[in-house]
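Numbering (this note's numbering), first residue to last: 96 to 780. Working notes, beginning with the structure itself.
Here it is as structure tokens:
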């Protein structure tokens, strides 16, 4: 009979196991990494949505009872001690020996089954039992042996030598069926290894296995600019060069091009030496280099289409998160180390929404150096010299690639203007009687003047169409709420002066010399997003009601903010908004989440910018700390006092004279206009 022993203090085990990871894909990724380190050529992932279980099996070298005890159940041992590479020559992904504990953030029950040298073995682990202590303070439970007689392996899911390992997770606490597509989408982005040497297969229930290959993430078919670092990424230049985008709208560069064009960037050719801590805490000099690529996509819709390729829209599980490929990811030894550093280096240029990139920094996982990965393996210690060097390089490259994107968009705009001007000229010259006369009479110089004026006309037309994207419809008495919206947008990095119409502030209002009604008539178009700030006084304004009608007639893109009314009081046709929120108790946690969703819709759909929700949350919280947006100001709007023409008149029940609406000490009442009567009636508005 085999004995299985866990080598770790149970209190530490309980702490690590339950808190190491939070999302399903990261847990599965740890098991996949173990399969890679076991020299597996294939790993099969099965998700059973009815039993809520996950099975991960591979055709690696397998384990004996001794191997299970010394590796899988030996928590915290150094996987690379005495062995930097596997027998097949792979750089080992794992390091701390704690990743396998991630499974216990999903379930309390797992089975570890393996076969090696034609000998099968396995054990069952109940996390609750092995982390309990007896009344004497001693450990009371160890993994339970599973008889080799009941362990079965499918022949085509083991190696040629008949070896392999299977990890089974049962009674998972999360509804994995809801998040299946997210798991697939995330896993395909978590590893950058040779698809021919290591294949990941996944299925749901009894469906056919689907092979996850990085080539399905076809970024390069939709990219118009790129800079590569390292000859190993040369084929990416070729892929972009051969995609369907016109060559004159593409910029392909390598790191040497950057160094020549930006000599003042202070970046050096790689590799170069840096000072860093080794595993003993001593400062040593080591060589630093990285490779990878960074660039921009042609259009934002093409990036969103790629993001949605594997992502489901159904389900309520907390794992359902939209994959955001507007990112710069860090990989080390073929495994994702940090999904996105873009938010750390961006300068809030609108062009950053087009950026995508992947950097590979194997020195992060150099076993001779200090382990710089943070405990949950989702990022790195930002003070480490290796990390600061990476951020410095990424920031310079980001600025460079954004400048190239700006050049491409400028050229496109010029070409569009020229084409539109040519159209106007041809229509005017060739299709009208006036054109025929001018064609006969004009000399070449006059023709050039007309062509130039056509171009200026086109530019003016396009500018008027493209500048303003969001219109905040409000009553002037409630302009505070509109200012709050603008403050959040500006803190997030939106150029509100170019994007927002808000008549209560001259910066965002009607251009000098223009009539407000004619200007608004020009602005209301199909792509304009209208944010309505509904209140009792809103319905008292002819202008506001006119804006509702104009918005309904021209587009369906509106967001509703309510102040002193309920959502049921919002009248048709404005009750069918993309999103809505009541501006009250905004400091509450639930309201913060609602604000994030509200502004996410506004920025993504209204401005076409992919949203960084973490950054957006910081902007909202920061704006709410400003004194003008304190709870008292937000939660207590000005009391409504009707002013519309033909407002129904209240008659005094004593003298039959007209009564006038009055406000005194924040109380609303009707008072008889007859000085001799002065009868008062309380009222609710």
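In this text, a Cβ means the ideal position worked out from N, Cα and C, and glycines have one as well.
- In the three-state reduction of the DSSP assignment, residue 301 falls in the coil class.
- As a beta-bridge residue in DSSP terms, residue 392 pairs with 318.
- Inter-residue distance for residue 367 and residue 463 is about 18 angstroms (C-alpha atoms, whole angstroms).
- Around the Cβ of residue 133, a 10 Å sphere holds 16 or more other Cβ atoms; the residue is buried.
- By the neighbour-count criterion, in which 16 or more other beta carbons inside 10 Å mark a residue as buried, residue 629 falls on the buried side.
- In the structure shown, the three-state DSSP call for residue 569 is coil.
- For the 8 angstroms CB-CB criterion, residue 433 and residue 441 do not form a contact.
- With contacts defined as CB atoms closer than 8 angstroms, residue 162 and residue 136 fail to qualify as a contacting pair.
- Within its own chain, the residues whose Cβ lies closer than 8 angstroms to the Cβ of residue 123, once the five positions on either side in sequence are excluded, are 140, 149, 151, 278 and 282, listed in chain order.
- Annotation note: the stretch 428-462 contains the following uninterrupted alpha helix (DSSP H) runs of length 4 or greater, listed N- to C-terminal: 437-440.
- Inclusion of residue 673 and residue 710 in the CB contact set at 8 angstroms is not warranted, their separation being larger than that value.
- Residues 344 of the same chain have their beta carbon placed closer than 7 angstroms to that of residue 507, with the five preceding and five following residues left out of the count.
- In the three-state scheme derived from DSSP, where H, G and I count as helix and E and B as strand, residue 260 is classed as strand.
- Looking at the DSSP output, residue 653 bridges to 625.
- Per DSSP, the unbroken alpha helix (DSSP H) holding residue 577 starts and ends at 574-587.
- Ranking 341, 635 and 680 by CA distance to the CA of residue 510 puts 341 first.
- For residue 141, the enclosing beta strand (DSSP E) stretches over residues 137-143.
- Judged by their CB atoms, residue 179 and residue 170 are not nearer to each other than the 8 angstroms cut-off.
- Residue 204 has 221 and 265 as its beta-bridge partners, per DSSP.
- In the structure shown, residue 312 adopts coil according to DSSP, grouped into three states.
- When DSSP states are grouped into helix, strand and coil, residue 754 belongs to the strand group.
- Note on geometry: alpha-carbon atoms of residue 495 and residue 393 lie some 16 angstroms from one another.
- For residue 334, the enclosing alpha helix (DSSP H) covers residues 329-336.
- For residue 266, the CB contacts under 8 angstroms within the same chain, skipping 5 residues up- and downstream, are 147, 148, 202, 203 and 204 in chain order.
- For residue 381, the pairing in a beta bridge is given by DSSP as 369.
- The C-alpha of residue 437 is placed about 34 angstroms away from the C-alpha of residue 598.
- For residue 151, the pairing in a beta bridge is given by DSSP as 140 and 262.
- Between the stretch 465-481 and the stretch 362-376, the count of C-beta pairs closer than 8 angstroms reaches three or more; the two stretches touch.
- If you look at residue 729, you'll find it in the alpha helix (DSSP H) that goes 726-730.
- Residue 426 sits in a strand when the DSSP states are folded into three classes.
- With a cut-off of 8 angstroms on Cβ pairs, the stretch 295-302 is not in contact with the stretch 376-393, counting fewer than three such pairs.
- Collapsing the DSSP output to three states places residue 277 in a helix.
- Separation of residue 696 and residue 702 (C-alpha to C-alpha, rounded to the nearest whole angstrom) is 9 angstroms.
- Rounded to the nearest whole angstrom, the CA to CA distance from residue 354 to residue 503 is 21 angstroms.
- In the DSSP assignment, residue 633 falls outside any beta strand (DSSP E) and carries neither an H nor an E.
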